[in-house]
Every structure is written in C-alpha cells, then in structure tokens.
Amino acid sequence: MSLDRRKFVEGSVVTGAGVALAGAGGVPAAAAVERPGGGHGAERYAFTVMGTTDLHGNVFNWDYATAAEFDDRDHNDVGLAKISTLVSRVRREKGRHNTLLIDAGDTIQGTQLAYYYAKVDPITDPGGPVHPMARAMNAIGYDAAALGNHEFNYGIPVLRKFEESCDFPLLGANAVDARSLRPAFPPYVLKRLRSPRGRVVTVAVLGLTNPGIAIWDKAHVQGKLAFPGLVEQAAKWVPRLRSMGADVVVVAAHSGAGGTSSYGDQLPYVENAAALMAERVPGVDAILVGHAHVEIPERRVVNAETGREVVLSEPLKWGQRLTLFDVVVEWRGGRWAVGSVGSRVLNSNAVAEDARITGLLRTEHRKVVAYVNRVIGRSKAEMTAAEAPVRDTAILDFIAFVQAEVVRKALAGSAYASLPVLSQASCFSRTARVPEGDVTIRSMAALYPFDNTLEARVLTGAQLRDYLEFSARYYVRTAAGGPVDPSGITNAEGTPDYNYDVVCGVSYEIDIAKPAGRRIGKLLFEGKPVADGARFVLAVNNYRASGGGNFPHVAAAEQVWSTSDEIRNLIIGWVQAAKVIDGSVFASVDWRLTRDGVPVF
C-alpha cells in the first residue's frame, strides 16, 4: 500500500468519513410514485441494486476445460458478457441513475483466463497487462465489489495490482492490517441517488469478506492481514454508516447464509454468517450473499432487535444469475425511510453475450485458448472421475502419485527421507477426464481446477486413522443387504466432493453400514496393520493443510516441506517430462467400500 493510500484509508477510519461519495448533481429524474391520497410531501422513490458474486474469472460463456461453449445439465450460461446484457436491460427499464451494481467477491481466480493473467502473463510484471476481469467490470460499470477469499490466492501484490486497475472500490471492512487493525481496504462506499423532486438518497454499501482467509491463504496473509468476524464488524460499521447519513444500508458479504463453518472451531468467527448478521445487527436493509455457490432468489430474516425484515439474495456463481434488490424509500418526517425491499434473480441464459464485452477481450481470450490447447504428452488410456467418489480410480491415483513423487524428491537426503510418503487426493469434478492419446494443458486444468499448492506434513498412524475416519463421514450410512445406488450414498450432511479425501500409499476399507467415526478397517501399509505410533509423511494440498475442511491433525502437524508452485503445474511438469501417462505405473485398488465387511461394488 502506498503512503498516500495508507493515510487516506487510516484517515477515513479516524474521522468516520466515507471512502467514496458519488455525486448526485445533474442526474436525470428517477421513477417516483405518490402515495395514494397523499399530498405534495408524500413522496416515494424506487431504485434497484443489482448484484453478482463468485464470478471466478468468467467473462465469456466458454469452458476452457472442454474447449467449447459452457453448458451443464440445467443449461446455465456463464460470464460477465451475459451479465452485461442483463445489466443494460435493467438500466434501460429503471433508468441508469436509478440503479447500482455491486459484487460479493471471488473475482480473480477460477478459470484459465484468470490464471493466465496471474501466472503466465502476470499483471504484476512491469508494463504488464490489465486484468481482464477489471477491464470487463470497468466497462460494465460496477459501483463496488467486496473482497472474496479467492482474491488472496495469488498473493497480495496481484490483488493490489487488480485493485489499482478497477474503477470501483474493492471493499473489505474486516480485512485489516495485522498490527494496527485498521482497514487495509476501503470498508464501504456511499453512493448518492436523486429522487425526481431533487432529494438525495444516500445508499451505503458495506463490504465484508470471509474470516477463513486467515486459514486458507495463511502463507500469503499471516503477519500482514487479519480477518475478524463479519457479524462483529457489521455491528461496528453499520451504526457509523447510519450516523453519516446513510438512508439505505446494503451489505456485500462474501459469506454464505447457512451459519456453518468448514473450519470447525479453528477460528472464533462463523464462515457462513450472512443470516446471522441479518438477525443480530440492526440497521441492515439488504445483504448480497456470496461464497456458498447456491442460488437464493429471496430470503427474509427478522432482525432480533428491531423486528424488521432483512432481505438476502445470492445469485448463482460464475455469472449464471443477476440479483435485483428492488428498494422503495419514502419521505417521512424530513428524511427517507425504507418502505420495502424485495429481491429476485435473472437467468443469464435468457440473453445473448454483450458484443462490447466479448470484443473488448477477444485477444486475451484467444491467447488463453491457444495456451490451454497445447499438447504436453499422451495417455495410454482414458481416465475419468465419474466413479471417483465411490471407487478407487486411476485418475485420483495419478494425482496422488505425482504429488508423492514430488515430495520424495524434495525430501531426498533430509532427515525425513526414510519416512513412507502417503498422498491425499479429492474428486474436484466428476466430469474430469484424461483422454486416451494427446494430453493438453486444459485436460490437466479440468483434472485439477484449483490453484492449490503442495505441502508435506508428518502424521502418526493413529492420526492417519482419525483423518480417514473424518473423511469417511462423506458416506450415507447404508444397511447391509440389498442393492446400492452409487448416487445416493455420498455427500452425507452436505459434505461436498472436495472435502472427501482418499489417501494413497496405504490400503483400507470403509464400512458404510457402520456409524461415522467407526468405519475404517483393515488399514495396512505394505500388507501389515498400521501401528498407532508409525510415522508417515503426507503429501497434501495447502487448503487441507491449512485447515480447509476441518480435517483432524493435519493443520497442526509438522510441516517438512512446501512449494509455492501449484499442484496443477506440478502435474503438467510431470507429464512434460515423462511424455507418457501409463496407468500401470501408479493405478491400483487400495481402498473399497464395504457393508459389514462385504464389498459394496
């Protein structure tokens, strides 16, 4: 952060002044409705706050992993080019100056387009390119965006460079300097709209991000930034915004509505706290929810103190939906009061891409398409992840094998070289496949879509068993006897696929007829039972090692090696060096599902 910027942000905290105040002069008249039977003083003014979230680097309606237009079973479309068309339509209907457009975070990570301009042709290079997400969002005309946890994946310098490129503020009231605890990013923005009678309506947008950043991106933020809780920081900032004259308070929160935390009790703050904020913090009118990747057209939560309803909405990820908060304010007793708030979502598959946005970034898109289609080797057989959640498959064995090979080489000659190396892997996408024949960068990107890095941690045999038992909670308890539907036995209690780990290098059984916590049997290493006191090195991704998913022991385990290189790149490098992916080298059936000791499949 530059000295001038630091003084500006710190000064705003000391004085309570707004970080930004949009001018209201000269704007055209807004739609207004007189109260039925009202006189000249009875004025109502309607405006709309539009919102996106979890865009994850999607500009085009394109899937870089399949080299084709994006499609899913629900025929959703993705990308800012689609969102731009929806936004333009709403602005025409409502009047440009009767609308605002905000985002709830996770913008610069997710697609190969985003990765390319963070790592391959980085925006941080001297004279480097402008991030395509900044260019698209500037062209569309965003008013503000909250920070998401994935904004920190590439490190603070990349985030700061992205921030410099944006024509709108990146908000993070609970992203604070680790020492001073002052906001490291603007906490809020004040926007002014004008009613047809010329009265100014001040709309405050408060941005809050996820406390889990302290765990998930510890390597980038430790000692630099801290992330206190959303509810606690909203309780601090909302009264300030009201005292500054905010007539309407909208929160852009990169936090789901469910009240749960994937990191358990590792942090004293709730991960998915949007509904808790609505319930506990008076003065909030609407919350744009993010992070959870679910669709919430409208949810109403009653504030415990005021009895007023707070409206929550979460548009579906990647630009599949656009939230509209329709707000009506009423002039009462010399000031504006919120009369009503409602929300809905628009589906981006109902419109065409905005040619202005696709044309703006056509060159960048073509560069990335050429990059991901580079052939780096060949595979002797097709490998797919379709059955990976229920069977030991070659495709996860391949990930684990490469990780273990990298760790073994890194530990050669060290005090840990004699310890057996195990390796964890998760099914990130059931549609991932490595084709027979030519293998490209995009097939590896589909195999490992996240920008995780690799670490090595030491676990005991007892800790390994606990780790596997925790992972096995992923399965629905299923009584012995009778047929089993593979699609019905996974994701117990909402556990996502990426929070189910297999561990390669040992063999074991998972008895799904038993209750969670008592499922792991026949845990063997080299054919012998694993002793509680045995020691292993676990090759593990940084998300899991830092506490993501709340797996036991691993976050506190001794770290003996780590790298800043993404696992995806380690896999690409291995293929480039080996030239051939041969399943006979690494594929084996080392774990299976059972019921009362009888194999399920």
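Residue 247 in the working numbering is what sits at position 247 of the sequence shown, and the numbering runs on without skipping anything.
Think of the CB as a built atom: it goes at the ideal place given N, C-alpha and C, for glycine as much as any other residue.
As the structure is a prediction and not an experimental result, all values here were calculated from the model.
Contact under 9 Å by Cβ, V506 with D582: By 1-based counting over the sequence shown, the position of residue 506 is 506. By 1-based counting over the sequence shown, the position of residue 582 is 582. Contact: no.
Exposure label - V600; buried when at least 16 CB within 10 Å: In the sequence shown, counting from the first residue as 1, residue 600 sits at position 600. Burial call: buried.
V434 versus R299, R457, I399, residue with shortest Cα-Cα distance: Within the sequence shown, the letter at position 434 stands for residue 434. Comparing Cα-Cα distances from V434 to each of R299, R457, I399, the minimum goes to I399.
Span of the beta strand (DSSP E), counted from its first residue to its last, around L322: Taking the sequence shown and counting its residues from 1, the one referred to as residue 322 is at position 322. Segment 321-332, the beta strand (DSSP E) holding L322.
Residue from A274, R366, G229 with nearest C-alpha to A604: Since the first and last residues shown for the chain are 1 and 601, residue 604 lies out of range.
DSSP-derived helix/strand/coil call for E69: Here residue 69 refers to the residue found at position 69 when the sequence shown is read from its first residue. DSSP places E69 in strand when its eight states are reduced to three.
Inter-stretch contact at 8 Å, needing at least 3 Cβ pairs: the region 178-185 / the region 105-125: no
Touch test, the region 301-321 against the region 42-59, Cβ-Cβ under 8 Å, three pairs minimum: Of all C-beta pairs linking the region 301-321 to the region 42-59, three or more are shorter than 8 Å, placing the two stretches in contact.
Helix, strand or coil at N61 according to DSSP, with G and I counted as helix: Translated into positions along the sequence shown, residue 61 becomes position 61. Here N61 carries a coil assignment [DSSP, helix/strand/coil].
Own chain, CB closer than 6 Å to V130, minus 5 neighbours either side, in chain order: Position 130 of the sequence shown holds residue 130. Counting only Cβ-Cβ distances below 6 Å, and skipping sequence neighbours, we find S165.
The region 229-246 in contact with the region 275-287 per 3-pair CB rule at 8 Å: yes
Extent of the continuous alpha helix (DSSP H) run through N138: For this step, residue 138 is matched to residue 138 along the sequence shown. Segment 132-140, the alpha helix (DSSP H) holding N138.
Which listed residue (I510, V249, S261, N153) has its alpha carbon closest to that of V221: Taking the first residue of the sequence shown as position 1, residue 221 is located at position 221. The residue with the shortest Cα to Cα distance from V221 is N153.
Alpha carbon of L419 to alpha carbon of A118, nearest angstrom: If you number the sequence shown from 1, residue 419 lands on position 419. If you number the sequence shown from 1, residue 118 lands on position 118. One C-alpha to the other measures close to 36 Å.
I510 in three-state terms, based on DSSP: Within the sequence shown, residue 510 is the residue found at index 510, counting from 1. Strand.
Close Cβ partners of S584 (< 7 Å) along its chain, the five nearest in sequence each way excluded: Position 584 of the sequence shown, counted from the start, is the residue given in the question as residue 584. So no residue of the chain qualifies.
Backbone CA spacing between L524 and P268 [nearest angstrom]: Residue numbering aside, residue 524 sits at position 524 when the sequence shown is read from its first letter. Residue numbering aside, residue 268 sits at position 268 when the sequence shown is read from its first letter. Taking the straight line joining both Cα atoms gives about 37 Å.
Where A104 sits in the DSSP three-state scheme: Stepping through the sequence shown from its first residue, residue 104 is reached at position 104. Of the three classes helix, strand and coil, the one that applies to A104 here is coil, per DSSP.
Same chain, Cβ closer than 8 Å to E387, five either side skipped, listed in chain order: Stepping through the sequence shown from its first residue, residue 387 is reached at position 387. Within the same chain, E387 has close Cβ partners T393, P486.
Pairwise C-alpha distance: A446 and A139: If you number the sequence shown from 1, residue 139 lands on position 139. If you number the sequence shown from 1, residue 446 lands on position 446. Cα-Cα distance, rounded: 29 Å.
N-terminal and C-terminal residue of the beta strand (DSSP E) that E298 is part of: Taking the sequence shown and counting its residues from 1, one reaches residue 298 at position 298. Element bounds for E298: 296-302.
Anticipated Cβ contact below 8 Å, L361 with R135, distance rounded: Your numbering for residue 361 matches position 361 in the sequence shown. Your numbering for residue 135 matches position 135 in the sequence shown. Going by Cβ atoms, the distance from L361 to R135 rounds to 6 Å, so yes, they are a contact pair.
W237 - containing alpha helix (DSSP H), residue span: The residue labelled residue 237 in the question sits at position 237 within the sequence shown. Unbroken alpha helix (DSSP H) run through W237: 230-243.
Rounded straight-line distance, which links the Cα of A292 to that of R192: Residue mapping note: residue 192 aligns to position 192 of the sequence shown, counting from 1. Residue mapping note: residue 292 aligns to position 292 of the sequence shown, counting from 1. The alpha-carbon atoms of R192 and A292 are separated by roughly 30 Å.
Rounded C-alpha distance that separates I441 from A415: Mapped onto the sequence shown, residue 441 falls at position 441. Mapped onto the sequence shown, residue 415 falls at position 415. The alpha-carbon atoms of I441 and A415 are separated by roughly 35 Å.
Close beta carbons around A587, own chain, < 6 Å, minus the five adjacent residues each side: Here residue 587 is taken as the residue at index 587 of the sequence shown, counted from 1. Contacts found: A394, D397.
Distance, F185 Cα to K528 Cα: Working through the sequence shown from its first residue, we reach residue 528 at position 528. Working through the sequence shown from its first residue, we reach residue 185 at position 185. Their backbone Cα atoms lie some 54 Å apart in a straight line.
Residues sharing a beta bridge with G521, DSSP: Walking along the sequence shown from the start, residue 521 turns up at place 521. Answer is E509, bridged to G521.
Buried versus exposed call for S340 [16 or more other C-beta atoms within 10 Å across all chains shown]: Mapped onto the sequence shown, residue 340 falls at position 340. By the 10 Å Cβ count, S340 comes out exposed.
Separation of E405 from T323, as counted between CA atoms: Along the sequence shown, one-based indexing puts residue 323 at 323. Along the sequence shown, one-based indexing puts residue 405 at 405. Each residue's Cα considered, the two are about 46 Å apart.
According to DSSP, residues forming a beta bridge with Y188: For this step, residue 188 is matched to residue 188 along the sequence shown. Paired residues: L206.
Identified DSSP bridge partners for K528: The sequence position of residue 528 within the sequence shown is 528, counting from 1. The partner list for K528 (beta bridge, DSSP) reads F525.
V49 versus V249 - alpha carbon distance: Here residue 49 refers to the residue found at position 49 of the sequence shown. Here residue 249 refers to the residue found at position 249 of the sequence shown. Distance between the alpha carbons of V49 and V249 is about 11 Å.
Identity of the residue in L454, L468, G517 nearest R477 by Cα: Translated into positions along the sequence shown, residue 477 becomes position 477. For R477, the nearest C-alpha among the options comes from G517.
Nearest-angstrom Cα separation, counted from R91 out to H97: By 1-based counting over the sequence shown, the position of residue 97 is 97. By 1-based counting over the sequence shown, the position of residue 91 is 91. Roughly 8 Å separates the two Cα atoms.
Burial state of Q463, where buried means 16 or more other Cβ atoms lie within 10 Å: Along the sequence shown, read from residue 1 onward, the residue named residue 463 stands at position 463. Q463 is buried by the Cβ-count criterion.
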